[in-house]
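Protein chains: 2
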Amino acid sequence: MPATIRDVARACGVHVSTVSRTFSAPNLVNPETRGRVLSTAEHLGYRPNRAARALITGRTTNLGLIVADIANPYFPPMIKAAQSQARLRDHHVFVADTDEDPAVEEELVRALATQVDGIVLCSPRMANGAIEVLAREVPLVVVNRVVAGLPTVVMDVAHGAKQAIDHLVGLGHRELAYLGGPRGSWTNKEIRRSAVAVARSHGVSLTVLDSVAPTEAGGVAAAEDVRRAGVTAVLAYNDLMAIGLLGALKGLGLTVPGDISVVGIDDIPLSSAVQLTTVATPTAAAGRAAVDMLLRYDSPTRTGRGPGRPVVEHTIRTSAQTTLPTTLIPRQSTGPGPYEPASFRDARGAESDLQS
Amino acid sequence: MPATIRDVARACGVHVSTVSRTFSAPNLVNPETRGRVLSTAEHLGYRPNRAARALITGRTTNLGLIVADIANPYFPPMIKAAQSQARLRDHHVFVADTDEDPAVEEELVRALATQVDGIVLCSPRMANGAIEVLAREVPLVVVNRVVAGLPTVVMDVAHGAKQAIDHLVGLGHRELAYLGGPRGSWTNKEIRRSAVAVARSHGVSLTVLDSVAPTEAGGVAAAEDVRRAGVTAVLAYNDLMAIGLLGALKGLGLTVPGDISVVGIDDIPLSSAVQLTTVATPTAAAGRAAVDMLLRYDSPTRTGRGPGRPVVEHTIRTSAQTTLPTTLIPRQSTGPGPYEPASFRDARGAESDLQS
DNA sequence: GTGAAAGCGCTAACAC
DNA sequence: GTGTTAGCGCTTTCAC
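Protein chains in written order, with numbering that gives the first Met the number 0: chain V, 0 to 355; chain D, 0 to 355.
What follows is the structure in structure tokens.
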């Protein structure tokens with residue numbers, strides 16, 4: 000039975016409002032009184048009940064962070080960065096995992112909505128329409144997806160894909176494949192779009208392969224398809240798949256990069272260990288940026304007359320779109336291809352020139 | 000400005016308590032009325048405010064899960080299992096990461112305490128005393144540590160260590176090392192205690208080595224120490240360190256298992272990929288068990304007279320200790336040692352016999 | 001600088 | 001089966 004504000008008030012002969020002020024607006028209370036309140040509070044082990052406070056202020060100082068799969072090593076750095084950034088701003092982050100299921104995703108947003116001030120939605124698998132609906136119920140920041148009208152943080156994977164394809168073509172590869180990711184993934188579409196365009200601009204072929212899951216197992220499962228495609232280089236949707244593929248190709252008697260070059264995307268910790276060439280995405284920066292955007296939503300403001308009449312406005316001040324740069328990290332999973340190494344300008348704008 | 004229970008009541012000409020009952024005790028309300036309430040609620044987009052509900056019932060239907068390091072692949076399976084188990088019981092799990100810092104750990108427990116019904120503390124780094132104090136403020140279940148008087152879930156790592164040492168001695172190793180984990184770790188102490196005892200019982204030497212961190216980097220950093228120790232086999236505190244060690248030993252020109260055998264503990268997903276011999280610990284089962292124990296705490300009961308006088312009792316009905324079995328998984332990181340392979344009984348009780 | 005009082009959204013006796 | 005009512009613990013006008 001924890002101590003309440005009333006217990007503290009009684010114990011040091013002061014009114015509850017004074018105790019309340021001691022915690023929420025210390026400068027409004029006489030230093031001497033404040034000291035007395037603080038010490039009795041300490042003595043009674045009093046801690047403000049956040050549910051009660053939330054009820055009246057409309058703010059919980061909690062944030063939600065929803066990811067597709069905690070077990071995917073891509074996410075933990077982002078989660079950690081988000082948590083520490085939130086902590087700097089005196090907020091807490093609640094993490095939840097959707098198991099790559101759009102329905103669970105939606106349910107989690109709804110469940111979290113009433114107990115957080117906002118939610119970071121990472122790599123959502125929901126349809127855009129569903130996200131837009133939810134955004135009306137709770138402040139949302141979307142990571143790894145562009146949703147019109149919502150603040151978003153994305154990696155520049157289009158340029159990442161270009162860097163990867165340029166790298167492979169530069170090594171002398173002309174029959175390439177892209178091993179795709181989840182259907183609902185914006186990132187997947189973006190990579191594919193860019194890879195296709197860049198390959199065409201180089202005049203090389205690019206086969207798009209489907210996959211079963213954005214995991215190692217998914218990479219393993221795709222090995223046979225890759226071999227059958229007869230390509231000499233593969234770009235995978237993410238490192239996890241690339242690593243699975245790496246092992247499975249060897250199992251098929253193919254050498255990497257001798258027979259086939261493999262490039263991943265993300266640069267998860269494991270990738271340097273297995274010497275996977277990859278495109279690094281700044282996940283920690285994305286986590287921090289997302290939290291910052293969430294906290295930049297208008298603070299709740301009370302309107303209406305009389306005490307205890309909070310009307311929380313979720314108007315966002317900025318629906319900024321942050322795009323974070325990616326970096327190619329050449330390692331030993333890529334090597335010379337069967338053709339004369341190509342040479343070309345690696346201009347930043349090359350890919351987007353093609354789009355028009 | 001979300002709809003409240005009052006809006007719904009007004010909109011379908013019924014009293015708020017009827018609306019409340021429709022959601023918290025549907026069978027107490029006339030099916031016809033219930034239907035009307037439900038549909039207007041749906042129409043207005045009403046969802047019960049959990050903070051308000053928590054305030055009066057004393058229950059949040061949220062659980063906290065605190066882990067040392069989300070980025071350690073050991074934890075995600077446990078987190079996922081806990082989340083899905085909680086979901087079955089209509090609860091949510093908030094995950095938080097302490098970065099292996101005891102102070103952060105304590106702070107997080109306190110911060111979560113008022114917004115969850117209980118907390119699962121995984122692999123705590125705090126002192127037992129601190130945990131006992133916190134347990135008075137919020138229901139706690141401890142995983143990977145035994146704390147007297149608290150419900151705990153532990154892996155039988157003592158037996159796991161015995162399995163590992165037996166395995167190595169059986170292969171003909173007689174100069175062994177244990178590469179230890181974090182100082183605050185109960186598991187670390189337990190493994191060391193058991194490994195030392197079992198080694199003695201076999202009449203082989205076991206050097207205990209300290210480490211900098213329970214991560215791949217920690218394993219890498221320890222390689223030189225391991226080499227200098229002149230042993231032919233190493234048991235590491237966890238797979239992550241074992242894997243780091245594996246790579247670094249090769250870097251030092253040693254072959255595994257030719258020159259040196261390496262055994263890990265945990266069986267994280269990565270371990271099968273690198274063919275690490277390890278002791279599997281049932282982390283998912285631990286997550287489920289911990290959630291079950293938390294939900295087995297006495298439900299809050301209102302005492303005192305009059306409405307709205309919740310007195311939450313945290314008496315736990317059982318302070319059970321669950322011990323989960325471990326399994327040795329021999330792979331290719333262990334091989335024959337320089338001595339005649341030993342043969343001995345692998346009796347389950349052998350190690351504990353030595354303790355007396 | 002402090003007290004008084006209203007009320008956030010909801011639940012749970014208690015009446016009828 | 002439904003309405004009435006009193007508050008959960010807290011914050012915030014408004015007086016003084």
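The beta-carbon is built from N, C-alpha and C at its ideal position, and this holds for glycine as well.
Contact list for the region 44 to 60 of chain D against chain V, Cβ threshold 8 angstroms
G44, R46, P47, N48, R49, A50, A51, A53, L54, T59
Between which two residues does the beta strand (DSSP E) harbouring D/M154 extend?
151 to 154
If you follow the alpha helix (DSSP H) that D/L54 is in, where does it begin and where does it stop?
49 to 56
Check whether the Cβ atoms of V/L239 and V/G257 lie closer than 9 angstroms to each other.
no
Would the beta-carbon of D/V13 fall within 9 angstroms of that of D/T32?
yes
How many angstroms separate the CA atom of D/G286 from the CA atom of V/Q331?
38 angstroms
Please list the partners that D/K79 has in chain V, where partner means a Cβ-to-Cβ separation under 9 angstroms.
D68, I69, A70, D96, D98
In this structure, does DSSP put V/T326 in helix, strand or coil?
strand
Nearest-angstrom beta carbon gap, D/D100 and D/T60 [assumed within contact, 8 angstroms]:
That pair is no contact at about 29 angstroms.
Any heavy atom of the ligand FAD within a distance shorter than 8 angstroms of the CB on D/Y338?
The model depicted lacks the ligand FAD and carries no ligand whatsoever.
With C-beta atoms as the reference, is D/A126 less than 9 angstroms away from D/G183?
It is a contact, given that the beta carbons lie within the stated cut-off.
Helix, strand or coil, according to DSSP, for V/T321 in the structure here?
strand
How do the region 40 to 51 of chain V and the region 80 to 93 of chain V stand: do at least 3 beta-carbon pairs fall below 8 angstroms, yes or no?
no
Keeping to the same chain, check which residues put their C-beta closer than 8 angstroms to that of V/D6; ignore five residues upstream and five downstream.
L43, Y45
Chain D beta carbons: is any one of them nearer than 9 angstroms to that of V/F22?
So, not an interface residue.
Beta-carbon gap between D/L62 and D/A85 smaller than 9 angstroms:
yes
Given that V/L269 touches chain D, what residues does it touch there, using C-beta distances under 8 angstroms?
L269
Pull up the CB-CB distance for V/T325 and V/G169, whole angstroms please, since I reckon it's below 8 angstroms.
Rounded to the nearest angstrom, the Cβ distance from V/T325 to V/G169 is 17 angstroms, too far for a contact under 8 angstroms.
How about V/L294: is its C-beta nearer than 9 angstroms to some C-beta of chain D?
It does not; no Cβ of chain D falls within 9 angstroms.
Candidates D/V207, D/D165, D/A110: which alpha carbon is nearest D/L178's?
When only C-alpha atoms are compared, the closest one is D/V207.
Are the Cβ atoms of V/G243 and V/A222 separated by less than 9 angstroms?
Yes.
Can you list, in chain order, the residues of its chain whose CB lies under 6 angstroms from that of V/A289, leaving out five sequence neighbours each side?
V119, V140, V142, V152
If we ignore side chains and look at the alpha-carbon of each, how far apart do V/A279 and D/P76 end up?
25 angstroms
Specify the secondary structure class of D/T254 as computed by DSSP and reduced to three states.
coil
Extent of the continuous beta strand (DSSP E) run through D/L178:
174 to 178
Go to D/H201, then tell me how far its alpha helix (DSSP H) extends in each direction, as first and last residue.
185 to 201
What in chain V is Cβ-close to D/H91, meaning under 9 angstroms?
F93, A95, L107, A110, L111, Q114
Based on Cα-Cα distance, which residue from V/P150, V/V92, V/T276, V/A67 lies nearest to V/R295?
Comparing Cα-Cα distances from V/R295 to each of V/P150, V/V92, V/T276, V/A67, the minimum goes to V/P150.
Pick helix, strand or coil for D/G246, following the three-state DSSP scheme.
helix
Nearest-angstrom Cα separation, counted from D/Q162 out to D/F343
12 angstroms
According to DSSP, is V/I267 part of a helix, a strand, or is it coil?
coil
Excluding five sequence neighbours on each side, which residues of the same chain lie with their C-beta closer than 6 angstroms to the C-beta of D/P1?
Around D/P1: no qualifying Cβ.
Out of curiosity, what's the CA-to-CA distance linking V/T17 and V/T3?
13 angstroms
Using a Cβ-Cβ distance cut-off of 9 angstroms, determine whether V/A279 contacts chain D.
no
V/D96 - containing beta strand (DSSP E), residue span:
Residues 91 to 96.
Out of V/I259, V/E104, V/L234, V/Q114, state which residue places its alpha-carbon closest to the alpha-carbon of V/D265.
V/L234
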